[in-house]
Amino acid sequence: MAEKNTKTVRAEKTVRAEKAPMSKTYDPQAVEKKWYAFWEENGFFTQPVEPGKKPFSIVMPPPNVTGVLHLGHAMDNALQDVLVRFKRMQGYNTLWLPGTDHAGIATEAKVAEHLAAEGTSREGVGRDRFVERTWAWKKEYGGNITRQLRRLGASCDWSRERFTFDEGCSQAVRRVFVALYERGLIYRGNYIINWCSKCHTTISDIEVDHVERDGHLWHIRYPDEEGGAGVVVATTRPETMLGDVAVAVHPEDERYKDLIGKNVVLPLMNRAIPVIADTYVDSSFGTGAVKITPAHDPNDYEMGLRHNLEKISILDDRGYINENGGSYCGLEGAEARRRVVEDLESLGLLMGIDEHTHAVGQCYRCRTVVEPRVSRQWFVRMGPLAEPAMEAVRQGRIEFVPERFAKIYLGWLENIRDWCVSRQLWWGHRIPVWYCLECGAEICELGDPSICPTCGSAQIEQDEDVLDTWFSSALWPFSTLGWPRDTEELKQFYPTSVLVTGRDIIFFWVARMIFMGLEFMKEAPFEKVMIHGLILDRDGRKMQKSLGNGIDPLVVIESHGADTLRFMLLTGNTPGNDLRFYEEKLDSTRNFLNKIWNASRFGLMHLEDYEPIDLEEAFNPTHEDRVQGHDDVLTLADRWILSRYEGVAEEVTRRLEDFDLGEAGRVLYEFVWDELCDWYIELAKPRLYGRDIPLFQVTARTVLYTVLEGTLRLLHPFLPFLTEEIWQHLPHAAGDQLAGEGLAGNETHKERTLMLCSWPQPKGFRNEKSEKDMGILMEVIRAVRNIRSDFGVAPGRKINVALFCVDTRVKEFIRGALADIELMASCEAVQVLESLEEKPPQSAGAALDGVQIFVPFKGFLDLDKEVAKVEKDIEAACAEEKRLSSKLSNPGFVNKAPVDVVDREREKLEAVLKRLKSLRRRQGELKSN
RNA sequence: GGGCAAUUAGCUCAGUUGGUUAGAGCGCAUGCCUCACAUGCAUGAGGCCGAGGGUUCGAAUCCCCCAUUGCCCACCA
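In terms of the numbering used here, the first sequence opens at residue 274 and continues consecutively.
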């Protein structure tokens, strides 16, 4: 053994970390910033492109530059960070590319606030000055959210940080727009769009939230031309009648058959409009007659197209009635509605008002009611783009995790309508189309034109509008990697490995990246899409500004630390489900970190001058008689914890590969707390404190080191700060990290860091027998503790225990574990009986499968209590026996169930019968006493 | 009107392809400041796995139906 030791590599202690004594509780504030700076300044987040290596890449969903970190971001990025740190440790060529989104509307609003404070406005400074101001704003405040991501521990490659409005991304946008234009996939036209009069711009269909609101259904009579009854229509928006051009009824509707083709008079406007027939009309709703306003209702618009109707727009940009509204011109929408209703009533044409709840469209940003209106805008033709995007998912080239989200994605694309991409804003990618004022030509080229190529006129003007912010985000997976240039990043990292985002973003972003990626890269932008849920408050409500129930992640980081926040956000639920956030959960997570901290502190106490040696080489844990003269250098507990550690490593690896972070976290939690702390460390104490011969101390240290160090690696993706801090305190053998394992492929690093250590690999520590034996030993110890507790034995008082083992193999290892039982169950002496005859006369006891336990009580045994307990046990055992034997006497079960299942049941029955027998004997003895 | 999810201990949630005596954290009860940790240790109480059918030798797990809650989608004026 001594020989082995000299062969091991001499440890050379890491000098980098100042080894302040570790405090009794973990203090995240004291270490988090230090380690983040250490990682970032040493360039650990950055990896060069290494074409030979397997790539793993993620593009971060770019938060708005105006954004402040909220819990949704925190969860989203913590998830990505776990995946990236895991893969990095596994040795992949890893890239996590961060960036921000220029967020047209939001950013304009911010800058407008600043301008207002200076007493001016957007219009006041003009377009060029405004855009300049916005860039200046971005420069000053745009780093806010990325600083906050650093606080969270995000290990993204800041050297490759991008911005959707930077030079490269803008070029990609230009390129894509022109290409789509040339392919006929982008067009300009007069169609009905959603107008937000507060944001003063169009918004796309998905930017409209439909909210149920209580409203009214007004019944209005449109008389016929002779002043007769005419027809009564029902509407939820009476003011739009100013733009009515027809009344529609169902062609089969007997009530109105005679009216079809005739005219009625539109009240207030006194214009004759036709009654038309269309099967769209539902005769059973309202009066069965619908007023048709093609300029302000999507359905009416469609019907207008079918019947070739005029479109009369009655609203201006601010949502006020325009000159087409006759005497109502200049009125604000709500005011106009009131006036229209009043006037109809005084004319006797208002036939009734019903209460009616209906879905009202409102702007997703400002919640202003959206007005549908006909307007000349730019659209992306979705049909040809959607088809391949659906195919990619149907064929499994892109996989959603959890799967069910694929259906949501497909459902949306199946019913997709063209995407309105022009916005009446200034902050964004300006539409690269020029119009010739002379000949009216439309010019769309890669370079900025100076004259009209058709007529040669220099009188050309660029389109005033900018593109939807999501247009540039849609290119994010390739624009950030250098496209349209053919870069090595693009070659190595596209397609990216996985995209992580919330389910509310599937339509806005995921779908659009997919069709853009397929169109321009000819390959889907990612292999997997991991969708996570929302963060809810403790009562299960969404966190919303309006509810005031939001929690600031930075406040949590201050109070509990980033690792606690991360772990809490990542565990305790299943992928894709929402997560409730509350204080108690945070506290118990913090306690877990503290547990790790203290277990490590304990470990370090005993590893102060320890020189890491290779456990596998020194004492192969799977071979029992390896070391001469000490046939049990490794104890049962040693073999057990090593086996468990490796089992956990395997499971954690598998779970992480399946994106099942919650389970991975739970497995680690249970391992550290229940197995490593509550059992192994306790059992190893006598050896570690040197109460045994030195060789045993060395083995205990080596096992402890191996398991602790390995567990830190497994925990690192979840808890990067805590694990790095502890790891830096651990002794390390020279050259066993970066260079030795060649991990990050970055031998120039002078510093060691846990984040670049290799992910634990199986080393053959699994040992089923040890796990089984340890299970029995634990049961024995628990049984003795139960007896102590049941009989109220004072904690300080040691007791004697006698054991009888039916099985000789069990007897053998129990004999070797007597000291463990003494230690863990506070016993004076534990003896193993050769036969039941030897058992102590007056005793409390327990019968396990294969082991009987006797605790002698000198005179103060409560006989009645003990009898009652035994009877209760007998009852339970009988029930169990009955269940098992009826199961086993069922021919259906015996014949059809798999052999191993049947065998297992047989074994159980045997064990129960044995236990029952001993319990009965015991019962007899107690009674005869 | 469609679709999806959830329904398991007082609360918040796990439970892999059907094979358990259904688990955890918090809370609760009892006893412990045991030389890593009271942000801790030990022991314990607490569940007809939403209701009803079915498939199976066997169902918390698969199928059908219903109920409740939540979310998404939808042009019923």
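Yeah, the Cβ is synthetic: ideal placement off N, Cα and C, and Gly gets one too.
In this structure Leu754 touches Leu763 by the C-beta definition: roughly 4 Å separates them, less than 8 Å.
Between the alpha carbons of Glu618 and Glu386 lies a gap of roughly 43 Å.
Between the C-alpha atoms of Leu1076 and Leu1091 there is a straight-line separation of about 10 Å.
Under the 8 Å Cβ criterion, the segment 1070-1085 does not count as touching the segment 952-959, having fewer than three qualifying pairs. Between the alpha carbons of Gly790 and Gly399 lies a distance of about 36 Å.
For the 8 Å CB-CB criterion, Ala1120 and Arg1188 form a contact. If the five residues before and after Trp749 are omitted, its C-beta is found closer than 6 Å to the C-beta atoms of Val332, all from its own chain and listed in chain order.
With a cutoff of 8 Å on beta-carbon distance, Val484 and Gln635 are scored as near each other. Residue state for Ser1116 is assigned as strand, using DSSP reduced to three classes. If you draw a 10 Å sphere on the C-beta of Gln1034, you find fewer than 16 other C-beta atoms in it, and that means exposed. Relative to Glu737, the option among Asp401, Leu949 and Lys1200 whose CA is nearest is Asp401. Separation of Gly1118 and Val1105 (C-alpha to C-alpha, rounded to the nearest whole angstrom) is 14 Å.
Taking the Cα of Pro335 as reference, the smallest distance to any Cα among Ala303, Ile418, Val1140 and Arg1058 is reached at Ile418. Checking the DSSP bridge columns, you'll see Met803 partnered with Val674 and Val773. In terms of Cα proximity to Arg696, the closest of His473, Pro990, Val802 and Ala427 is His473. Under the DSSP assignment, Cys639 falls outside any beta strand (DSSP E); it carries neither an H nor an E label. Look at the segment 1046-1086 and you find these whole runs of beta strand (DSSP E), each 3 residues long or longer: 1072-1078.
Judged by their CB atoms, Ala445 and Ser752 are nearer to each other than the 8 Å cut-off.
For Val357, the number of other beta carbons within 10 angstroms of its own is at least 16, and it is reported as buried. Take the alpha-carbon of Val1124 and the one of Cys1151: they are about 18 Å apart. The Cβ atoms of Ala891 and Thr975 sit closer than 8 Å to each other. The straight-line gap separating the alpha-carbon atoms of Arg447 and Gly377 is approximately 17 Å.
Here DSSP, grouped into helix, strand and coil, assigns Leu1121 to coil. With contacts defined as CB atoms closer than 8 Å, Ile804 and Pro675 qualify as a contacting pair.
Beta-bridge analysis with DSSP links Cys693 to Phe652. Here Ala545 is exposed: its Cβ has fewer than 16 other Cβ atoms, across all protein chains shown, within 10 Å.
The three-state reading of DSSP puts Met624 in strand, counting E and B together. Judged by beta-carbon spacing, Pro768 lies beyond the 8 Å limit of Glu792, meaning their Cβ atoms are not closer than that value. DSSP, read as helix, strand or coil, puts Trp1032 in coil. When the beta-carbon positions are compared, Leu1199 and Lys1181 stay at least 8 Å from each other. Between Ala973 and Arg874, the alpha-carbon positions lie close to 16 Å from each other.
Taking the Cα positions, Leu961 is about 39 Å away from Leu1192.
In the three-state DSSP reduction, Tyr708 falls in the strand class (E or B). For Gly561, the three-state secondary structure derived from DSSP is coil. Per DSSP, Val906 lies in no beta strand (DSSP E) segment and is marked neither H nor E. For Phe1166, the enclosing alpha helix (DSSP H) has its first and last residue at Pro1164 to Lys1169.
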